[in-house]
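Here you go:
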């Protein structure tokens with residue numbers, strides 16, 4: 001089922017029996033049969049989605065991500081695809097493209113609501129990621145992972161043209 005309102009689909013192949021809701025963007029992806037994709041989802045070029053996947057609303061799946069068969073992606077999940085993303089070089093010139101680092105979610109895995117998946121990881125077959133988790137390492141088959149992993153790891157030594165608020169040293 002393809003709704004006729006607020007949807008952009010370009011150069012994408014779809015399997016039989018898919019269900020897609022309104023307000024989404026899909027560019028150059030391959031979507032397997034019997035998949036369900038909720039509203040406000042963006043799927044970028046080169047994404048390969050196996051059959052019978054369920055993608056909840058407000059999910060972002062960029063280039064470099066592969067989803068196996070029967071994968072569940074909860075609402076508000078974000079995948080990344082560049083380890084060190086930047087908009088421009090220090091000389092101010094725009095960066096034309098990302099350095100794509102592939103990410104793989106194997107068959108029958110489940111990713112809970114609000115997770116962030118760092119590029120370069122593999123989420124093993126039939127594993128489960130708890131809601132709100134930050135995944136920065138490979139997850140083995142049938143493993144259950146959950147938690148936030150953010151801690152200070154270093155400092156940005158140079159920010160080209162930072163806003164005035166960021167120019168102070170009070171936070172150090």
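In my numbering, the protein residues as written are 1 to 172. The C-beta atom is built at its ideal place from N, Cα and C for all residues, glycine as well.
Under a Cβ-count criterion, where at least 16 other Cβ atoms within 10 Å of its own Cβ denotes burial, should residue 32 be classed as buried or exposed? buried
Looking at the strands, I want to know which residues DSSP matches up with residue 181. With the chain represented from 1 up to 172, any question about residue 181 goes unanswered, as that position is not in the structure.
Tell me whether the beta-carbon of residue 102 lies closer than 8 Å to the beta-carbon of residue 125. no
Inter-residue spacing [alpha-carbon to alpha-carbon] between residue 30 and residue 93: 33 Å
Any idea if residue 89 is buried or exposed, counting beta-carbon neighbours within 10 angstroms, 16 or more meaning buried? Classification of residue 89: exposed, given that the 10 Å Cβ count is below 16.
Confirm, please, whether the CB-CB distance from residue 66 to residue 51 is below 8 Å. no
Tell me whether residue 139 is buried or exposed, calling it buried when 16 or more other Cβ atoms sit within 10 Å of its Cβ. buried
Considering only the alpha carbon of each residue, which of 95, 16, 81 lies closest to residue 87? 95
Which complete alpha helix (DSSP H) runs does the segment 10-34 hold, if anything under 4 residues is left out? As far as the segment 10-34 is concerned, it has no whole alpha helix (DSSP H) run of at least 4 residues.
So residue 46 and residue 28 are supposed to be a Cβ contact under 8 Å. How far apart are they, rounded? 6 Å
Specify the secondary structure class of residue 87 as computed by DSSP and reduced to three states. coil
Take residue 54 and list the residues in its own chain whose beta-carbon comes closer than 6 Å to its own, dropping the five residues that flank it on each side. 36, 72
DSSP-derived helix/strand/coil call for residue 205: In the structure as shown, the chain begins at 1 and stops at 172. Residue 205 is therefore absent and cannot be evaluated.
Ignore the nearest five residues each way along the sequence and tell me which others in residue 76's own chain have a CB closer than 6 Å to its CB. 58, 113, 114
Give a yes or no on whether the C-beta atoms belonging to residue 130 and residue 148 are separated by under 8 Å. no
Less than 8 Å separating the beta-carbons of residue 43 and residue 26? Closer than 8 Å, so yes.
Who are the Cβ neighbours of residue 171 in its own chain at under 6 Å, not counting the five residues just before and after it? At residue 171 the pLDDT is 46, less than 50, meaning the model places this residue with poor confidence; the figure from the coordinates comes in the next sentence. Nothing meets the Cβ criterion.
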